[in-house]
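See below for the structure under consideration.
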Amino acid sequence: MLDGRYRVDARIAVGGMATVYRGLDTRLDRVLALKVMHPALAADGSFVERFIREAKSVARLDHPNVVQVFDQGTDGSYVYLAMEYIAGCTLRDVLRERGALQPRAALDILEPVLAALGAAHRAGFVHRDMKPENVLIGDDGRVKVADFGLVRAVDSVTSTTGAVLGTVSYLAPEQIEQGTADPRVDVYACGVVLYEMLTGAKPHPGDSPAQVLYQHLHEDVPAPSAAVPGLPVGLDELVAAATARTPDVRPHDAVALLARTRQARAALTAQQLDALPPQARSAEHDNAQDRTSVIPRALTMPRPLPVNEDDEDAAAGAALHRTSRLEAPAALAPRRPARRPRRLVLTVVAAVLLVLALGGGVWYINSGQFTKVPPLLAKTEAQARERLRDTGLDVKDVKHAYSDTVKRGTVISTDPAAGARIRSHDSVTLTVSDGPETVKVPDLGGRPLDEAQDLLRKAGLEPGMVSRAFSEDVEAGSVISTDPGTGTARHAGSAIALVVSRGRPVDVPDVTGEDLDQAKSDLEDAGLKVTIASEQVNSEFDKGQVARQTPGPDGRAAEGDTVTLTLSKGPEMADVPDVTGDSVDDAKKALQDAGFQVEEDRGLLGLFGDTVKKQSVRGGEQAPKGSTIKITIR
């Protein structure tokens with residue numbers, strides 16, 4: 002429970018700054034999402050203050066495509082947001098599952114995203130961290146943008162440290178170089194997201210954040226049609242406009258980009274909008290690079306790659322060696338008459354070239370300039386990288402392909418192939434298996450959760466979101482069902498949602514007002530466990546009786562769930578003012594101000610009177626706050 006109000010039911014996701022849970026507002030009986038900040042951020046007082054201020058501002062941002070913020074607060078060391086819960090998935094889930102999208106689907110997602118950002122930009126907000134993880138797609142098809150204000154609040158803390166906050170794949174060049182952020186950084190990020198939706202891959206891949214940041218600064222985002230031939234030029238132009246490296250060339254905010262997006266859509270035919278993308282999943286990638294993170298300024302200022310002095314010396318030595326060999330045959334050759342037969346000239350030239358080739362080849366081999374590509378078949382990507390590094394080689398690129406015979410996550414082939422002769426310090430492209438193109442969801446009904454998750458991984462699938470439900474038949478902690486269901490064919494690596502049993506439902510009895518022993522007995526008889534809250538509260542009940550319970554009375558819990566009981570300290574006592582002889586109005590005001598309810602007793606003699614002759618509790622004595630004091634009027 003957070004703040005004694007929000008019940009935490011299940012973890013949904015973990016990000017770079019917070020963990021998100023599905024919860025229940027026990028006062029309003031409303032399902033919501035709870036975003037709880039990581040302790041490192043919550044420990045910073047300036048962050049907490051700014052976060053609360055920003056949350057209040059964002060809560061006023063009322064737009065159908067913005068995830069609504071209901072409440073914010075702190076509970077001990079926890080800083081949290083209570084937000085609208087969207088049953089569905091993120092755009093990242095869609096891209097992992099389907100890869101590239103049809104242009105119509107990509108624009109159907111982009112337009113409501115831009116509408117939400119446009120409303121924010123016109124209200125003075127900049128998102129700063131637009132990415133597929135922050136685009137939520139509900140089961141009803143609604144598209145919503147999440148995490149407004151959060152990044153801005155954190156950015157206010159990191160900006161003083163010379164760091165940049167964001168997700169490397171979606172940072173605009175000016176965020177990287179100057180750390181500045183206006184609406185055009187969101188425009189840039191949306192252009193990258195559109196590219197990813199149209200192609201199924203990011204425009205700037207890299208093995209490290211520094212490589213990706215360098216490309217943002219020095220390379221334009223390529224045209225989507227270069228990766229997916231046949232895409233209309235209008236979509237290429239839309240991506241190019243949104244991702245221009247110079248901010249002044251981009252649309253000035255999301256409203257302007259939305260107008261250009263609608264113009265681009267209007268120029269496309271139905272056939273172009275519904276063109277099927279390539280049947281390939283987007284490449285696997287490191288989830289860590291999709292997380293919002295604080296990036297040291299040193300990483301955001303890439304420098305030109307250093308020249309390998311050893312390579313320069315080797316190249317110079319090779320050139321010098323060739324020259325000296327050429328000069329030597331030339332010096333030793335006897336002088337001939339100016340005119341020689343053509344055949345003899347050709348023979349001499351061929352001999353010189355042969356000597357040079359053989360000599361140069363031997364020189365290179367002997368000086369360690371060449372090596373062989375090691376065999377990497379069936380090794381994991383990490384093992385392959387380590388083996389190549391040990392051999393003096395680098396990884397140029399990692400591609401993915403389906404395979405019915407090679408285990409998922411291991412190397413299918415290399416380019417150049419194993420055993421091929423290659424320069425030292427050169428690069429090799431790895432092709433890694435994604436497992437079979439499609440696999441069937443196994444039957445996990447009745448399996449304990451950890452066992453079910455292991456079986457999914459062995460089948461080539463990934464465990465997805467876990468939700469919990471009551472079940473009369475399935476033991477608590479075991480799987481009731483999966484989504485999609487048993488036997489459904491899915492791409493290898495797809496996430497499968499699991500519904501896990503909470504056990505048999507139990508009606509929670511009302512034990513408020515009971516003595517502790519009686520309350521514990523009633524709850525344990527119902528199959529529930531009991532814990533006592535550390536603090537007690539004032540209430541209408543006598544000291545030691547149950548003042549309140551969580552879950553509340555008449556709620557439902559699972560057998561074996563715990564009910565928290567808060568005990569009463571008894572009613573809060575207050576001094577009763579003396580109001581005898583006062584007018585009725587003055588007496589009522591004095592008693593109510595002291596925290597009491599007032600009852601008038603006029604009888605027949607007091608129907609027309611206005612003076613208090615008597616009060617049920619004498620002035621100067623104490624009575625429970627909130628109790629009723631009767632005044633007799635004559």
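For what it's worth, the numbering used here labels the leading residue of the sequence shown as 2, then goes sequentially.
Every residue gets a Cβ at the ideal spot worked out from N, C-alpha and C, and that includes glycine.
Does the distance from the CB of residue i to the CB of residue j come in under 9 Å?
| i | j | result |
| --- | --- | --- |
| Glu463 | Leu457 | yes |
| Gln487 | Thr532 | Here the sequence assigns Thr to residue 487, which means Gln is not the residue at that position. No; because the gap between Cβ atoms is not below 9 Å, this pair is not in contact. |
| Thr378 | Val429 | Looking at the sequence provided, one finds Leu at residue 378 rather than Thr. No. |
| Gly194 | Pro133 | Looking at the sequence itself, residue 194 is Val, so the reference to Gly does not match. Contact flag set, yes. |
| Ser540 | Ala534 | no |
| Tyr420 | Gly436 | The sequence shown places Gly at residue 420, not Tyr. No, they are not a contact pair. |
| Ala107 | Ala255 | no |
| Ala242 | Pro252 | yes |
| Leu259 | Ala116 | yes |
| Val433 | Ala402 | yes |
| Leu33 | Ala124 | no |
| Glu197 | His492 | no |
| Glu473 | Pro449 | no |
| Val501 | Leu529 | no |
| Gly89 | Arg143 | yes |
Looking only at its chain, what residues have a beta carbon closer than 7 Å to the beta carbon of residue i, apart from the 5 residues adjacent to it on each side?
| i | result |
| --- | --- |
| Thr200 | Ala101, Pro225, Ala228, Val229 |
| Gly74 | Asp4, Tyr81 |
| Ser617 | Ile630, Lys631 |
| His217 | Leu172, Pro174, Ile177, His205 |
| Ala680 | What is shown of the chain runs 2 to 635, which leaves residue 680 out entirely. |
| Asp511 | Pro554, Asp555 |
| Ala14 | Val21 |
| Ala520 | Val512, Val547, Leu566 |
Check residue i in the structure and name its three-state DSSP category.
| i | result |
| --- | --- |
| Pro625 | strand |
| Ile87 | coil |
| Ser569 | strand |
| Gly465 | strand |
| Thr75 | strand |
| Gln519 | helix |
| Leu118 | helix |
| Ser617 | coil |
| Gly125 | coil |
| Gly201 | coil |
| Val585 | helix |
| Glu50 | helix |
| Arg12 | strand |
| His219 | helix |
| Gly1 | The structure shown does not extend to residue 1, since the chain spans only 2 to 635, so no value can be given for it. |
| Tyr81 | strand |
| Ser502 | strand |
| Gln598 | strand |
Between which residues of its own chain and residue i is the CB-CB distance below 8 Å, once the five residues before and five after are set aside?
| i | result |
| --- | --- |
| Gln623 | Met574, Ala575, Asp576, Val577 |
| Ala418 | Val374 |
| Cys191 | Leu111, Val114, Leu115, Leu118, Met131, Ala243, Ala255, Leu258 |
| Pro184 | Leu118, His122, Val127, His253, Asp254, Ala255 |
| Leu277 | Gln103 |
| Leu445 | Ala453, Leu456, Leu457, Val480, Thr483, Thr487, Leu499 |
What's the call for residue i, buried or exposed, on a 16-neighbour Cβ count within 10 Å?
| i | result |
| --- | --- |
| Thr181 | exposed |
| Pro40 | exposed |
| Ser78 | exposed |
| Gln598 | exposed |
| Asp583 | buried |
| Phe371 | exposed |
| Leu29 | exposed |
| Lys397 | exposed |
| His219 | exposed |
| Gln454 | buried |
| Phe149 | buried |
| Gly504 | buried |
| Val250 | exposed |
Could you work out which residue in the options is closest to residue i when comparing CA atoms only?
| i | options | result |
| --- | --- | --- |
| Asp26 | Ala41, Arg6, Pro40 | Arg6 |
| Gln272 | Ile497, Thr581, Gln103 | Gln103 |
| Ala498 | Val509, Ile481, Gly514, Asp511 | Ile481 |
| Asp586 | Gly207, Arg143, Phe471, Thr633 | Thr633 |
| Glu85 | Leu35, Gly504, Thr513 | Leu35 |
| Pro248 | Gln179, Ala276, Asp208, Ala211 | Gln179 |
| Asp187 | Val467, Leu269, Arg129 | Arg129 |
Keeping to the same chain, check which residues put their C-beta closer than 6 Å to that of residue i; ignore five residues upstream and five downstream.
| i | result |
| --- | --- |
| Gln537 | Leu568, Lys570 |
| Ala147 | Val68, Asn135, Leu137 |
| Ala496 | Glu463, Gly465 |
| Phe542 | Gly514, Ala548, Ser569 |
I'd like to confirm something about residue i: is its beta-carbon nearer than 8 Å to some heavy atom of the ligand PLP, or not?
| i | result |
| --- | --- |
| Val193 | The ligand PLP is absent from the structure shown, which contains no ligands of any kind. |
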